[in-house]
Amino acid sequence: LAVLPALLVKYIRLTSGFFASFKYSALYSQNLILPYWLALLFICLLAFYCLKKRLERKKLFVTMLSILAITLLITIYIPKYKSSKTASINALNVGQGLSVAALSGNSTLIFDCGSINSMKNAGDYTAEFLLTQGRDEVDALVLSHLHRDHANGVTRLISRIKVKKIYISEISPDSDGILTEIKKEAELSGSELIFLSNGDYSLRFPGLSLMMYSGFGRGSGNENDLGIISELDLMGYKALITGDVSYKLEEKLSELYNLSDISLLIVGHHGSDASSSPLFLDAINPETAIISVGYNSFGHPSESVLERLRMHTEEIFRTDRDGNIRVWVE
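The sequence shown runs 2 to 331 under our numbering.
This is the structure we're talking about:
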């Protein structure tokens, strides 16, 4: 008796797996193409109703013409949806944590993937976002450090999306016990773990380039300083992602490197007063600042940091109020 149900289950799994393999098959609520698919579904149901009721040819013709029109619209819109804006930087609303996606052409980079005090798993949320963009592969995942609010979603992400390489500082402490889990899942998923020693590392992908500053905080007693700072360049538009590093390390970075052409700052430590010092902000003067923050008991973002940002930037966005924040680069 169990043979028929087993065959049915197998059929459902094979069918769902087949359709899930198509790009844009994920229709999460954040997918901008969702309304078009829903309209097509509605008209298909209407056509089925017309056929069943054997309505007059004129009504049937109008219905079939509508199906053709919306199908063509989706076919035309999807490529434009992906390529009309050549690149974007996306701060995802994962709660009290950080996950930033940089998209350019077929290149996909992720910076951190974690959150706390949230019903959302940062890995699931990031994977769903990428699928809605028609992306099922990540070229590189860069982890600023291994604290939960920056890395506890990594295992879920790499279990759902192919991540080619994961970059971690070799001196980043694993005080939250996350690295062991990442290693296990990376082995299962085929992701390559790369541990960076002290130094500067440059990566290039079609449409974007990345500079990683690793090991600046060597010798520091602050775990937040023992990681990777990332400078992202999308066709001349530059963004700086500092993780949770202290203002001392930010100032050291700005002294050693010319950061005056930074346009976008992913504000350090979720807007904590321990980061974003006046000297650092004077050195970079970004046009736009994004604070990735959620419900917390730490007082993030600090009012003093907000005031400093108002003095140095033209725009300030917060994921807890603005949701996912996308910066288009044309």
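Every residue gets a Cβ at the ideal spot worked out from N, C-alpha and C, and that includes glycine.
Values in this document were obtained by computation on a predicted structure and should not be read as measured data.
Run of the beta strand (DSSP E) containing residue i, from where it starts to where it stops
i, result
"residue 318", "316 to 319"
"residue 213", "209 to 215"
"residue 202", "200 to 206"
"residue 283", "Per DSSP, residue 283 belongs to no beta strand (DSSP E); it is in the alpha helix (DSSP H), 279 to 285."
Environment of residue i [buried if 16+ CB atoms lie within 10 Å]
i, result
"residue 1", "Given a span of 2 to 331 for the chain in the structure shown, any question on residue 1 remains unanswerable."
"residue 211", "buried"
"residue 84", "Because residue 84 sits at a pLDDT of 47, beneath the cut-off of 50, its placement in the model cannot be relied upon, and the point is left open."
"residue 113", "buried"
"residue 1", "Only positions 2 to 331 of the chain appear in the structure, and residue 1 is not among them; the question remains open."
"residue 311", "exposed"
"residue 196", "exposed"
"residue 226", "buried"
Rounded Cβ spacing between residue i and residue j (contact assumed at less than 8 angstroms)
i, j, result
"residue 194", "residue 167", "5 angstroms"
"residue 92", "residue 101", "5 angstroms"
"residue 135", "residue 119", "Residue 135 to residue 119, Cβ: 26 angstroms. No contact."
"residue 277", "residue 269", "6 angstroms"
"residue 264", "residue 287", "6 angstroms"
Test item: CB-CB of residue i and residue j under 9 angstroms
i, j, result
"residue 246", "residue 272", "no"
"residue 214", "residue 230", "yes"
"residue 320", "residue 94", "yes"
"residue 140", "residue 110", "yes"
"residue 163", "residue 186", "no"
"residue 209", "residue 103", "yes"
"residue 99", "residue 244", "yes"
"residue 151", "residue 160", "no"
"residue 178", "residue 156", "no"
"residue 252", "residue 280", "yes"
Residue range of the unbroken alpha helix (DSSP H) whose run includes residue i
i, result
"residue 311", "304 to 313"
Chain D contact for residue i (CB, 9 angstroms cutoff)
i, result
"residue 318", "In the structure shown, chain D does not exist; there is a single protein chain."
Notebook entry, point to check: Which residue spans inside the region 244 to 276 form an unbroken alpha helix (DSSP H) run of at least 4?
Noted result: 248 to 257
Notebook entry, point to check: Residue ranges of each beta strand (DSSP E) run of no fewer than 3 residues wholly in the region 85 to 128, ordered along the chain?
Noted result: 88 to 92, 97 to 105, 108 to 117
Item checked: Minimum length 4: unbroken alpha helix (DSSP H) runs contained in the region 146 to 203 -> 149 to 152, 155 to 161, 180 to 190
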